[in-house]
Every structure is written in structure tokens, then in C-alpha cells.
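Below is one structure, written out as C-alpha cells, with a few remarks after it.
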Amino acid sequence: MSRAPMHRDGPVAWLTTTDHKKIGILYCVTAFGFFLVGGTLADVMRTELAETGRQLVTPQAYNGLFTIHGIVMIFLFVAPFGIGLANYLIPLQIGAPDMAFPRLNALSYWFFVGGGLLVLLSGFASAGGGAQTGWYMYAPLSGLRYSPGVGPDLLILGLALVAVSTLLSGVNVITTTFLMRAPGMTMWRLPIFTWNMVVTSILGLVAFPPALAAFVLLLFDRRLGGFAFDPQGGGDPIIYQHLFWFLGHPEVYILILPFFGVITEIIPVFSRKPLFGYTGFVLATLAIGALSTGVWAHHMFTTGEVDNPFFSAMTLLIAVPTGVKFFNWIGTMWGGRIRFGVPMLFSIGFLLNFLIGGVTGVMLASAPIDYSVSDSYFLVSHFHYTMMGGSVFGIFAAIYFWWPKMTGYLLGERLGRAVFALLFVGFNLTFWPQFVLGLRGMPRRIVDYASDLGWDTPNLVSSIGAGVLTIGVLTFLADVWFSRRRRTPAGDDPWGGYSLEWATTSPPPEHNFSSMPRIRSERPAFDLHHPKEPIVEAAEAETR
Amino acid sequence: MRFVLRYFALLAAFGLGLGTIYWFLTYEVVGAVVLWCFGLMPLIVATWWWRQGTDPATEASDDPEASPSDAAGKTVGSFPLASGWPIFLVLGVIVTGASLVYGLILAPAGAALLLWAIVGLARESRP
Numbered sequence: 002m003s004r005a006p007m008h009r010d011g012p013v014a015w016l017t018t019t020d021h022k023k024i025g026i027l028y029c030v031t032a033f034g035f036f037l038v039g040g041t042l043a044d045v046m047r048t049e050l051a052e053t054g055r056q057l058v059t060p061q062a063y064n065g066l067f068t069i070h071g072i073v074m075i076f077l078f079v080a081p082f083g084i085g086l087a088n089y090l091i092p093l094q095i096g097a098p099d100m101a102f103p104r105l106n107a108l109s110y111w112f113f114v115g116g117g118l119l120v121l122l123s124g125f126a127s128a129g130g131g132a133q134t135g136w137y138m139y140a141p142l143s144g145l146r147y148s149p150g151v152g153p154d155l156l157i158l159g160l161a162l163v164a165v166s167t168l169l170s171g172v173n174v175i176t177t178t179f180l181m182r183a184p185g186m187t188m189w190r191l192p193i194f195t196w197n198m199v200v201t202s203i204l205g206l207v208a209f210p211p212a213l214a215a216f217v218l219l220l221f222d223r224r225l226g227g228f229a230f231d232p233q234g235g236g237d238p239i240i241y242q243h244l245f246w247f248l249g250h251p252e253v254y255i256l257i258l259p260f261f262g263v264i265t266e267i268i269p270v271f272s273r274k275p276l277f278g279y280t281g282f283v284l285a286t287l288a289i290g291a292l293s294t295g296v297w298a299h300h301m302f303t304t305g306e307v308d309n310p311f312f313s314a315m316t317l318l319i320a321v322p323t324g325v326k327f328f329n330w331i332g333t334m335w336g337g338r339i340r341f342g343v344p345m346l347f348s349i350g351f352l353l354n355f356l357i358g359g360v361t362g363v364m365l366a367s368a369p370i371d372y373s374v375s376d377s378y379f380l381v382s383h384f385h386y387t388m389m390g391g392s393v394f395g396i397f398a399a400i401y402f403w404w405p406k407m408t409g410y411l412l413g414e415r416l417g418r419a420v421f422a423l424l425f426v427g428f429n430l431t432f433w434p435q436f437v438l439g440l441r442g443m444p445r446r447i448v449d450y451a452s453d454l455g456w457d458t459p460n461l462v463s464s465i466g467a468g469v470l471t472i473g474v475l476t477f478l479a480d481v482w483f484s485r486r487r488r489t490p491a492g493d494d495p496w497g498g499y500s501l502e503w504a505t506t507s508p509p510p511e512h513n514f515s516s517m518p519r520i521r522s523e524r525p526a527f528d529l530h531h532p533k534e535p536i537v538e539a540a541e542a543e544t545r
Numbered sequence: 655m656r657f658v659l660r661y662f663a664l665l666a667a668f669g670l671g672l673g674t675i676y677w678f679l680t681y682e683v684v685g686a687v688v689l690w691c692f693g694l695m696p697l698i699v700a701t702w703w704w705r706q707g708t709d710p711a712t713e714a715s716d717d718p719e720a721s722p723s724d725a726a727g728k729t730v731g732s733f734p735l736a737s738g739w740p741i742f743l744v745l746g747v748i749v750t751g752a753s754l755v756y757g758l759i760l761a762p763a764g765a766a767l768l769l770w771a772i773v774g775l776a777r778e779s780r781p
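Line by line, the protein sequences give chains A and B. Using the numbering used here, read the first sequence as starting at 2 and increasing by one per residue. Using the numbering used here, read the second sequence as starting at 655 and increasing by one per residue.
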């Protein structure tokens, strides 16, 4: 393994780097920093709601909290973490020396950082009031009349920069994957994570431009006297909702598809079997990507301005390829010799949580049910079961799985299990009671509630759960700290991995590979390390 | 690259088809236009790919029997190790954008920074 010289590891080298591995790590670390900020805001909100009457924050501050929490978690944590993983892994998984456009890659990272800082500034340090509009900034609430401070302007600018960052990353991922694959790495041998990132990137390229247009028009309305979304000047606020949700719903898949990819890399390795139904899985991913562009207005059922049956049908349809993926995952585990390592535990946690999030999503696809629970805590819980129970568990699975590849040493197994237990219990303790709250009629985005509505106990349990989650995250940080001190060498392939990144050193050298193995299946690293076993194992799997 | 060509062509057909179905079901302009644009984007890529024909750079990638030696001697691209220009470019964009919020007096400084960074990046990127 060739280690980079010292002068290439200093702060300036990191800030000016165009190496995909360093940019990937920068993305992941920065995104995780934003997660800590967003999580702290969530803790303040849960403390406020733990019991009735407590006034930890003012109603205005509370509005700012849920606005910035939502935007930070969606646009600055989950999505960029997926992009960070893509940056690190895709060239390694397809046998390329770097991303296709290294400077563009650095540019997209700095757009993300700049946008993220503007978003934080918009909530906490803006003259005349921070942004208090909720994460989707509906017009006319986000117009100058109802939101006069500079907070919303900074928020719009920040989100516009993050959108540009996502577009640049998308171009890079697609070009790299289509044009820089190693000899023999056909499209039908691509690792599933890479496949999922290709679809995610195409979705980003399709979905972000309309939202970017909406943000620019909103800024024109606010600062240059426009009337695009102001009915008093002939504008139409419903147009904003269409443009925003054309991003907003594919965005949900932009947030989850990378982590579908992550757990699909992990489950076969820890089940010691090839992925069950590779082709079906890829086709299901393509179907999800395509169908997700036709579901945006299910967020607008209650406006009365959209064709509810069309969007209801499209939303129900998208559950089919998602169900196919569940069969793939279960089929892969079925009959396997499963090792319950930490990445596998988080993957199983992902499956359980996301199943609940997915099933409640199917419920919400039905317009009559959506009318009943719209803007209630039921929706909040459903969303967190998909995004936190799904994506965030996927993120932790990815960290524990690829940490040895990125750093060359292992995270602690025992502490890792504790992190999983705390996060799984804490997560369900926080969000399951919110289904109950929603069904009992508690609307979201309220700072206080009366004591005779049956909301007290579920809220208290939910807030205790948030405390357990916080302890889980702190335990994870302790695990990282202890591991950095202990530095237990991981070796190049601690898990017996399948995809190409496990065929190079940990951490990989500059430009990734000192020698490239022959690629004869979608498991080149396994083929390399077990030259005769794949056939035997595949035959065994078929006869089970 | 037949696979990629087919993939983008199918995506284009899906976007244009869905946009058309949506239009005749709803007569709602914004959604239909956005869906048609979604169809047009991959159509442009597919058309470009179709006109380009087979790309020798990806022949070995698409050949299931290819070996690493098949790519020997081929240039994959140039990969710089570092560049500071992206930071300045983003700073330029932020200052220019902030001029809309805090006053147009910031605009010249932002534009100058942006131009300087774009020129620097372009000069650095020349082979």
C-alpha cells in the first residue's frame, strides 16, 4: 500500500483536494456535523413538547426550530451523506482512478458547504427574524408580507446552492459510471450501490431544476417585486406547490435509494450468499426512479386542485417495486449463514423500520385517509419511519461497514452493538407514540397543547425516546473516539466483501488500484479471494 | 453502450408518455410541462449517444470477457490532486447572491470574485 506523503494530509491539502476519496470523507463528515445540529434542534423541540405548558422556547423560535431541523436533516445530512458515499465508493466499485470531473467534484462539495452555512444562518442569525415557514416554504407564507426578515432569503439562497451542488454531483456520478468502468465491468455487473446512485443522480437532475426555478421566482417575489406566487398580483401559490413537490417527492427517493444500495451491499456479505435476484433488483430500482416522478401531488391532495385518483394510483403503484426489493433482501437472507455483525444489525433495523414507514405510506396514498391525517403527527411519524428509521439506519450501517476501508482500522464491535440497541429502541420509542398522537388528532408544528386531549403520555414517551436516541449518537461518537485511539488494524477485507473496493488496500492508494483483478461477475472481490468457491456456493444456494 | 442508449431512450419515452397522459387527464399545465421536460432531457442524451455511435473508450467495459490488459495504454482522463478555485468560485456566488438580500452594493465585489475564480479554474483546467 502506498501511503500519501505527510504534506498531502494537512488542512490546506484537505480544503483544496480534488481526490474523490477525500471529498467523499469531507462530504460524510460535514453531513454528520449537520446531523448533530439538526438532532440538537430536535431535542429542544422534544423537550418543549414533553409536557404541556412548558415554555422552553417562544412559539416563533419553535417555528424556526422545525423549519431548520427539517431542511438540515433532508438537504444537509441524509442526501449529502449519500453523495459522500458515492464519491468515495463509486470509482472504487467500478475500478476507476477517480471521478470523471475532479474539480467539479470539489466545486459541488463547496456549494454544499456554502449552502449549508447559509441555511444555518437563515435560522439563527438573520436580521428581522429567521425562517419560520416549514421546510417546504409555501407561498404566500414565505412571501415578504408574512415573512419580512432576511431569514427566508438566506434560506432560499442556501437551498439554491445545495440544489446546484446536487446537480453537479449527479453529472459526475452518471458520467463516471457510464464511461469509466474497468474492463469487464458491464452494466449488469455493477454493484447495487452504484446502480442505486446512478438512478438517484438521474432523479436529482430531473427533480432539482423545477425547485430551483421555484426558489429563484420566490426570491424575485420577495426582493425584486415579482408576483409569481402572489394572488394579489395575478400569481398562483399552487404553482409553487407543484414545482416544489416535483422535487419534494422524488427527493424522498433521492434520500432512500442510496441506502437501499448500502444494505444491499451488506446483506449478501453477512448472509454469505449472492444477492437473490440481481436483475430484478436493478429493474425494481429503475421502476422506482421512473414512477417517483409521477407522485408529487399526493402532497397536495387536500388542496382540491389536483387529480387525486391519478396521484393515488401512481403512489400505490410505486409500492410494487419496493415490495420486490423486500423479497430480494429476505430471499438473500433465507438459508444464508447469517453473521449478526453491526452493519448487518443496522441493515435489519432498516428493514423493520422502513417496512412500517412504507406500509403507512401506502395508507397515506389513499386520499380519504390522507384527508383525515394530513398535517397530523401520523404524517410526522410515517416520514421519520422512512427517513430516519430507513436512511439514518442505512447511514450507520454504511459507516460500520466501510469505516475499515476508509481508515484501515475497525470500529468497536461491542460499542457498535450498544449504539444499534440504543438507536433502535430510542427510535421506536420516539416515533411509534407519534402514530398514536396523529390518530388522536394532534397537529404537527404546534408548540404546546392542552392537557385533556390524551396527548400527554405519548408525548412524554416520545421525548424520553429522543433522549435515548441522543445517548445512542453520543455512544457512537465515543466508539469513533476509542477506535481512533485503539487503531485495531482491519486488514484489506475484514468482512469477506464482494464488490471491487474490497480488492484493494485499506485505505486505498492514490488512484485506487495498484493492480486490477479480472471481473467475471458482480462479485469480483469474492471471485478474487475465493477463485473456485462462487460456483459451489451458487449451486448450494440453488439446491436449498 | 447500447444499454445506456436504450436506458435513456426508455426514460425519455416514459417522461413524454406520462406527461401526455397527465395532460389529457388533468389539463394542468405546470405538471405536464415538467414531465415533458423530464422526457426531453434523456432524449437529448440518447440522441447524442446514438449519433456518437460506439465509444471505443467503453468497449472494454461493455465486453464481459475483457481483461484489465485490454485497457492498457488507453488514457482514462487527467486527475489533478488539488485546486483552490472551487472555494473562491462558491464564495463569489454567495457574495453575489447576498447582494440581493443585503444590498446591491455587494454585487460588484461578488461578480469580480466570481469572474476571477471562473477564469482561474478555466486556465487551470486547460490541458
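All residues carry an ideal CB built from backbone N, CA and C; glycine is no exception.
Going by beta carbon distance, what residues of the same chain come within less than 8 Å of Val747/B, once the five residues before and after it are set aside? Gly764 and Leu768
Looking at C-beta atoms only, is the number of pairs between the stretch 339-348 of chain A and the stretch 263-281 of chain A that lie closer than 8 Å three or more? yes
Mind listing which residues of the stretch 231-259 of chain A have their C-beta closer than 7 Å to chain B's C-betas, in chain order? Ile240, His243, Leu244 and Phe247
Should His531/A go down as buried or exposed, given a rule of 16 or more other Cβ atoms within 10 Å for buried? exposed
Once DSSP output is grouped into helix, strand and coil, what is the label at Ser500/A? coil
Tell me the residue span of the alpha helix (DSSP H) that contains Gly395/A. Here the alpha helix (DSSP H) through Gly395/A covers Phe394 to Thr408.
Report yes or no: do three or more beta-carbon pairs, one from the stretch 282-289 of chain A and one from the stretch 101-121 of chain A, lie closer than 8 Å? no
Does the stretch 671-687 of chain B come into contact with the stretch 476-492 of chain A, if we say contact requires no fewer than three beta-carbon pairs (one atom in each stretch) closer than 8 Å? no
Ser377/A - partner residues in DSSP beta bridges: Pro444/A
By the 8 Å beta-carbon criterion, what residues does the stretch 124-150 of chain A contribute toward chain D? Among the protein chains of the structure shown, namely A and B, there is no chain D.
When you compare the stretch 123-132 of chain A with the stretch 140-152 of chain A, are there three or more beta-carbon pairs, one atom per stretch, that lie closer than 8 Å? yes
Tell me, please, whether the stretch 408-426 of chain A touches the stretch 437-457 of chain A by the rule of three or more beta-carbon pairs shorter than 8 Å. no
Residues of chain A with CB under 8 Å from Thr680/B, in chain order? Val307, Asp308 and Phe311
Taking 7 Å as the limit between beta carbons, can you name the residues of its chain near Met100/A, skipping five residues before and five after? His21, Asn88, Pro92, Asn106, Asn173 and Thr177
Identify the continuous alpha helix (DSSP H) that holds His70/A and give its terminal residues. Pro60 to Ile72
So, is Lys728/B buried or exposed, given that buried needs 16 or more other C-beta atoms within 10 angstroms? exposed
Please work out which residues of its chain come closer than 6 Å, Cβ to Cβ, to Trp246/A, disregarding the five sequence neighbours upstream and downstream, and give them in chain order. Trp297 and His300
Is there a Cβ of chain A sitting closer than 7 Å to that of Thr729/B, yes or no? no
Are the CB atoms of Gly439/A and Pro508/A within a distance shorter than 7 Å? Result no, Cβ atoms of Pro508/A and Gly439/A do not sit closer than 7 Å.
Is Pro722/B helix, strand or coil when you go by DSSP? helix
Taking all protein chains shown into account, decide if Ala314/A is buried (16 or more other Cβ within 10 angstroms of its Cβ) or exposed. exposed
Within the 7 Å Cβ cut-off, does Phe112/A reach chain B? For Phe112/A, the answer is yes, since a Cβ of chain B falls inside 7 Å of its Cβ.
Residue closest to Pro141/A, alpha-carbon to alpha-carbon, out of Gly468/A, Gly236/A, Ile203/A and His385/A: Gly236/A
In the DSSP assignment, what residue or residues form a beta bridge with Thr18/A? Ala736/B
Return the first residue and the last residue of the alpha helix (DSSP H) that Ile1/A is part of. Outside the displayed range of chain A (2 to 545) lies residue 1/A, so it cannot be described from this structure.
Which residue from Ala451/A, Leu423/A and Ala43/A puts its Cα closest to that of Met74/A? Ala43/A
Where in the stretch 217-261 of chain A do unbroken runs of the beta strand (DSSP E), each at least 3 residues long, occur, reported from the N-terminal end onward? none
Could you tell me the alpha carbon to alpha carbon distance between Leu670/B and Val699/B, rounded to whole angstroms? 14 Å
Test: Ala291/A CB closer than 7 Å to a CB of chain B: yes
Which one of Gly185/A, Leu158/A and Thr489/A has the shortest CA to CA distance from Gly223/A? Position check: residue 223/A holds Arg in this sequence, whereas Gly was assumed. Closest by alpha carbon: Leu158/A.
Which value, in whole angstroms, describes the spacing of the CA atoms of Ala306/A and Arg441/A? Looking at the sequence provided, one finds Glu at residue 306/A rather than Ala. Their Cα atoms are separated by approximately 27 Å.
Just confirm the distance between the C-beta atoms of Leu317/A and Val363/A, as a whole number of angstroms; I'd bet it's less than 8 Å. 7 Å
Closest Cβ-Cβ distance between Arg524/A and chain B: below 7 Å? Chain B contact via Cβ: absent.
Let me check understanding here. Comparing Cα to Cα, which of Ala80/A, Thr431/A, Phe394/A and Pro211/A lies closest to Val31/A? Per the sequence presented here, residue 31/A reads as Thr, with Val not at that position. Of the listed residues, the one whose Cα sits closest to Thr31/A is Ala80/A.
Closest Cα partner of Trp703/B within the set Ala766/B, Arg656/B and Pro781/B: Arg656/B
Below 8 Å, how does it come out for the stretch 318-333 of chain A and the stretch 367-374 of chain A: are there three or more Cβ pairs, yes or no? no
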